[in-house]
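Protein chains in written order, with the working numbering: chain A, 1 to 114; chain B, 115 to 228. Every residue gets a Cβ at the ideal spot worked out from N, C-alpha and C, and that includes glycine. Data first, discussion second: the structure below is written as structure tokens.
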Amino acid sequence: EAQVTQNPRYLITVTGKKLTVTCSQNMNHEYMSWYRQDPGLGLRQIYYSMNVEVTDKGDVPEGYKVSRKEKRNFPLILESPSPNQTSLYFCASSLSWVNKNIQYFGAGTRLSVL
Amino acid sequence: DQQVKQNSPSLSVQEGRISILNCDYTNSMFDYFLWYKKYPAEGPTFLISISSIKDKNEDGRFTVFLNKSAKHLSLHIVPSQPGDSAVYFCAASDEGGSQGNLIFGKGTKLSVKP
Numbered sequence: 001e002a003q004v005t006q007n008p009r010y011l012i013t014v015t016g017k018k019l020t021v022t023c024s025q026n027m028n029h030e031y032m033s034w035y036r037q038d039p040g041l042g043l044r045q046i047y048y049s050m051n052v053e054v055t056d057k058g059d060v061p062e063g064y065k066v067s068r069k070e071k072r073n074f075p076l077i078l079e080s081p082s083p084n085q086t087s088l089y090f091c092a093s094s095l096s097w098v099n100k101n102i103q104y105f106g107a108g109t110r111l112s113v114l
Numbered sequence: 115d116q117q118v119k120q121n122s123p124s125l126s127v128q129e130g131r132i133s134i135l136n137c138d139y140t141n142s143m144f145d146y147f148l149w150y151k152k153y154p155a156e157g158p159t160f161l162i163s164i165s166s167i168k169d170k171n172e173d174g175r176f177t178v179f180l181n182k183s184a185k186h187l188s189l190h191i192v193p194s195q196p197g198d199s200a201v202y203f204c205a206a207s208d209e210g211g212s213q214g215n216l217i218f219g220k221g222t223k224l225s226v227k228p
């Protein structure tokens with residue numbers, strides 16, 4: 001089954017404790033992206049990747065890092081999480097940069113930073 | 115400043131009637147528009163899209179209308195069904211731009227009453 005898988009689905013952590021949210025897709029998609037969803041703000045893009053070893057900032061990249069060492073995986077790294085990063089996070093992928101508008105989303109990761 | 119606006123946070127409609135969800139945008143460079151649908155505890159899924167060269171696109175019960183002069187688009191669902199109850203996100207992109215990432219609205223929660 002074609003899918004985007006995020007782990008974990010739920011995470012509670014404390015300020016400053018590094019964490020990684022994994023994202024994997026099995027569709028051989030070139031384009032991958034991370035979003036956060038906050039009440040009253042909709043979905044905002046954090047980082048995106050057009051292909052392996054090619055990443056770029058989205059609209060709200062501060063406090064986040066990403067890597068794209070292989071095509072299927074696009075982990076989101078929070079080196080020193082803070083309470084304002086409490087949010088619902090979505091990973092998404094699409095076939096290529098040309099098709100980036102039609103994205104397949106994971107089920108989301110709900111993160112709470114205390 | 116919000117470039118994609120969904121001014122109605124919620125909408126309630128009777129089963130069998132028409133649902134009309136509205137979206138306004140401010141960036142005249144946007145040339146591709148999409149609607150995504152999101153159920154609780156799931157990621158958004160692509161529903162329907164429209165290019166700026168068209169003013170209407172239809173897919174079964176779903177029709178999107180684009181009024182470029184008014185910078186307005188709408189999603190019509192006819193007839194509405196209880197399974198359509200979800201949050202609907204409007205999104206836009208500048209296809210010709212160097213970045214061209216999707217910009218999402220805040221979403222409208224549609225409730226279809228049986």
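For A:TRP34, the enclosing beta strand (DSSP E) stretches over residues 31-38.
In the three-state DSSP reduction, A:GLN85 falls in the helix class (H, G or I). Chain B has no Cβ within less than 8 Å of the Cβ of A:PHE74. Residue nearest to B:SER225 within the set B:LEU148, B:ALA184, B:ASP115, B:PRO123 is B:PRO123 (criterion: CA-CA distance). The alpha-carbon separation between A:GLU62 and B:LEU189 amounts to approximately 34 Å.
Under the criterion of beta carbons closer than 8 Å, A:GLY42 and B:LYS220 qualify as touching, at roughly 4 Å. The Cβ of A:ALA107 sits closer than 8 Å to at least one Cβ of chain B. Counting only Cβ-Cβ distances below 9 Å, A:GLN45 has contacts in chain B at ASN215, LEU216, ILE217, PHE218, in chain order. DSSP lists B:LYS119, B:HIS186 as the beta-bridge partner residues of B:ASP138. Under the three-state reduction of DSSP, B:ASP173 is assigned to strand. Take the alpha-carbon of B:GLY130 and the one of B:GLY174: they are about 14 Å apart.
Shortest Cα-Cα distance from A:TYR48 to any of A:ARG110, A:GLY40, A:PHE74, A:THR20 involves A:PHE74.
With its beta carbon at least 8 Å from every one in chain B, A:LEU11 lies outside the interface. For A:LEU111, there are no C-beta contacts with chain B under 9 Å, since the nearest C-beta of that chain is about 15 Å from it. The three-state secondary structure of B:GLY197, taken from DSSP, is helix.
In the three-state DSSP reduction, A:GLN25 falls in the strand class (E or B). Secondary structure note for A:PHE74: it is in no beta strand (DSSP E), with a DSSP letter that is neither H nor E.
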